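According to my numbering, the stretch in the sequence shown is residues -8 to 423, in order. The structure appears right after this line, and notes come after that.
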Amino acid sequence: MPERINIIDASKHVDEEVEIGVWLTDKRSSGKIAFLQLRDGTAFFQGVVLKNKVSEEVFQIAKELHQEASFIVTGTIHEDSRSHFGYEIQISDIQPVGESEDFPITPKEHGIEFLLDHRHLWLRSRRPFAIMQIRNEMIRATYEFFNKEGFIKMDPPILTGSAPEGTTELFQTDYFDHDAYLSQSGQLYEEAGAMAYGKVFSFGPVFRAEKSKTRRHLTEFWMIEPEMAFTHQDESLKVQENYIAFLVQSVIDNCAYELKLLDRDPEQLKKYTKTPYPRISYKEAIEMLQKGGFDSKFGDDFGSPEETYISDQFDQPVFVMNYPKTIKPFYMLPDPDDDRLYVCADLLAPEGYGEIIGGSEREIDYDKLLKVMEDKGMDLSEYDWYLDLRKYGSVPHSGFGLGLERAITWICHLDHLREAIPFPRMINRIKP
Ligand code: 4AD
Ligand code: MG
-8 MPERINIIDA SKHVDEEVEI GVWLTDKRSS GKIAFLQLRD GTAFFQGVVL
42 KNKVSEEVFQ IAKELHQEAS FIVTGTIHED SRSHFGYEIQ ISDIQPVGES
92 EDFPITPKEH GIEFLLDHRH LWLRSRRPFA IMQIRNEMIR ATYEFFNKEG
142 FIKMDPPILT GSAPEGTTEL FQTDYFDHDA YLSQSGQLYE EAGAMAYGKV
192 FSFGPVFRAE KSKTRRHLTE FWMIEPEMAF THQDESLKVQ ENYIAFLVQS
242 VIDNCAYELK LLDRDPEQLK KYTKTPYPRI SYKEAIEMLQ KGGFDSKFGD
292 DFGSPEETYI SDQFDQPVFV MNYPKTIKPF YMLPDPDDDR LYVCADLLAP
342 EGYGEIIGGS EREIDYDKLL KVMEDKGMDL SEYDWYLDLR KYGSVPHSGF
392 GLGLERAITW ICHLDHLREA IPFPRMINRI KP
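Shown next, in the form of structure tokens:
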């Protein structure tokens, strides 16, 4: 019996007879030869059926296969330098498994709404395949990075009573006799974790009722939120740039095939593995925008045109530091040199992708934090536990949040976040 393999391991089986479970993506045939475009979940490759090398029956089956029919092929692996993948299989036998009539996603062009309506099937195509493989690599590399840096993963709750990033974008739900919200950030819980275990990170879904339809906003997305005790903002920025450089390098090292499928040049990505990343202040960013013809002034938040303009001035990711208090959340540490500002930074990705990380040093003084929360009219009965962290051994600490889909969109050079997650959730989409 030939060994059952995944085609991704083809290089170990050149000239061997193997068996592979596959689906048909496309085919071409003439009287004497059939070219089957196949995928087995690990790569896309070609199967060749020669009429004079197989039984009449097998050749007939090959000619009648429909797009997305599933079957098991037996055959011999050969190198195929003309394809992205580099190997093909010369087929000797085909065992049909599942039929497929009228697969809705044909090789012709389809509109984005049609594709999103058929996301459960669209995932099988080359482009989603490449993106999901790269997403997986970034997830794997995230765990590797934070484990090697001595962090432990501590999972925050998803049902919460708190609203770290403000109350305007909360999904509310009933929780028995109480109101609850779907978590918009695990940060406050990670701060508790940092006081317990030093260096922690969370990695999970967060939810924001974003009513805007932009290419940068999902209502459900995945965030990585590290939090570090005895750590100031300048040290946190180093962790951030090292992490991003590590993610990019991991994709370059382990996703060459996927980058080729997406036509993403690894040489371009290589530039982003060089650290440190440039740092500018919010005030410098405002000046830069004014010089570039924007009518930005102190106190303004940046939209995507502003972020794109700023990041276009650099060919690496850039930190914009110390934003005004009025446009950032309550928990940040005020800037000792300018009380109008916080000690915080957003990391803007190059090539116009905008903010991928938001982070800050945190306020650690009980009375000051209490005052800010009172001034903002926050419901203190929901945050007494958070204030406790400032009562018992409060220490300088800093953290940040990376939006996974934002980072994927940039690294894969996509137009829109919706392609960076298997089943996107947006204002007008909750199916499939
Ligand atoms: O800047 P944000 O709101 O920061 C926080 O939530 C902090 N609590 C993080 C922390 O310090 N622990 O969000 C962090 C990141 C953004 O930089 C962006 O990459 C991503 O989350 N993000 C979104 N991604 C997709 N869709 C949305 N609607 C997003 N909103 C934020
Ligand atoms: Mg932000």
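Cβ coordinates follow ideal geometry from the N, Cα and C atoms, glycine included. The model shown is predicted, which means the values in this text are computed figures rather than measured ones.
Please find out if some non-hydrogen atom of ligand 2 comes closer than 7 angstroms to the beta-carbon of residue i.
i           : result
residue 292 : no
residue 384 : no
residue 343 : no
residue 181 : no
residue 330 : no
residue 165 : no
residue 337 : yes
What span of residues does the beta strand (DSSP E) with residue i cover, start to end?
i           : result
residue 61  : 61 to 70
residue 377 : Careful: residue 377 lies outside any beta strand (DSSP E), inside the alpha helix (DSSP H) at 375 to 379.
residue 217 : 211 to 220
residue 302 : Not the beta strand (DSSP E): residue 302 falls in the alpha helix (DSSP H), residues 295 to 303.
residue 171 : 169 to 173
residue 136 : Not the beta strand (DSSP E): residue 136 falls in the alpha helix (DSSP H), residues 117 to 139.
residue 162 : Looking at the DSSP string, residue 162 is not in any beta strand (DSSP E), and its letter there is neither H nor E.
residue 190 : 190 to 198
Got a sec: does ligand 1 put a non-hydrogen atom nearer than 7 angstroms to the Cβ of residue i?
i           : result
residue 461 : In the structure as shown, the chain starts at -8 and stops at 423, and residue 461 therefore has no counterpart that could be examined.
residue 408 : yes
residue 347 : yes
residue 396 : yes
residue 153 : no
residue 126 : no
residue 212 : yes
residue 192 : no
residue 392 : yes
residue 199 : yes
residue 425 : One cannot answer for residue 425 here, as it falls past the ends of the chain, which runs -8 to 423.
residue 72  : no
residue 351 : yes
residue 216 : yes
residue 354 : no
residue 156 : yes
Any heavy atom of ligand 3 within a distance shorter than 7 angstroms of the CB on residue i?
i           : result
residue 298 : For ligand 3, the structure offers nothing, since it holds only ligand 1 and ligand 2.
Just confirm the distance between the C-beta atoms of residue i and residue j, as a whole number of angstroms; I'd bet it's less than 8 angstroms.
i           : j           : result
residue 68  : residue 5   : 5 angstroms
residue 351 : residue 163 : Not a contact, Cβ separation roughly 26 angstroms.
residue 85  : residue 49  : 5 angstroms
residue 424 : residue 395 : Missing from the structure shown is residue 424; the chain here goes from -8 to 423 and no further.
residue 264 : residue 220 : Contact doesn't hold; Cβ gap of about 28 angstroms is too wide.
residue 142 : residue 217 : 6 angstroms
residue 30  : residue 115 : 7 angstroms
residue 299 : residue 349 : No, residue 299 and residue 349 are not in contact; Cβ-Cβ is about 17 angstroms, not under 8 angstroms.
residue 397 : residue 408 : 7 angstroms
residue 386 : residue 321 : No, residue 386 and residue 321 are not in contact; Cβ-Cβ is about 19 angstroms, not under 8 angstroms.
residue 117 : residue 252 : 5 angstroms
Label residue i either buried or exposed according to how many other C-beta atoms from any shown protein chain fall within 10 Å of its C-beta, with 16 as the threshold for buried.
i           : result
residue 339 : buried
residue 324 : buried
residue 124 : buried
residue 337 : buried
residue 222 : buried
residue 59  : buried
residue 419 : exposed
residue 366 : exposed
residue 176 : buried
residue 2   : exposed
residue 172 : buried
residue 190 : buried
residue 313 : buried
residue 88  : exposed
residue 98  : exposed
residue 318 : exposed
residue 231 : buried
residue 207 : buried
residue 131 : exposed
Would you give the residue range spanned by the alpha helix (DSSP H) that residue i belongs to?
i           : result
residue 460 : In the structure displayed, the chain extends from -8 to 423; residue 460 sits before or after that span and is not available.
residue 85  : Unbroken run through residue 85 is the beta strand (DSSP E), 78 to 89; no alpha helix (DSSP H).
residue 364 : 357 to 366
residue 105 : 103 to 108
Going residue by residue through the segment 225 to 273, where are the continuous alpha helix (DSSP H) segments of at least 4 residues, counting only ones entirely within it?
Taking only runs of at least 4 residues, the alpha helix (DSSP H) segments lying wholly in the segment 225 to 273 are 247 to 253 and 257 to 261.
Can you give, in chain order, each stretch of the beta strand (DSSP E) that sits fully within the segment -4 to 49 and has at least 3 residues?
As for any beta strand (DSSP E) of minimum length 3 sitting wholly inside the segment -4 to 49, the runs are 8 to 20, 24 to 30 and 35 to 41, ordered along the chain.
Which residue spans inside the segment 303 to 344 form an unbroken alpha helix (DSSP H) run of at least 4?
Secondary structure remark: continuous alpha helix (DSSP H) runs of at least 4 residues inside the segment 303 to 344: none found.
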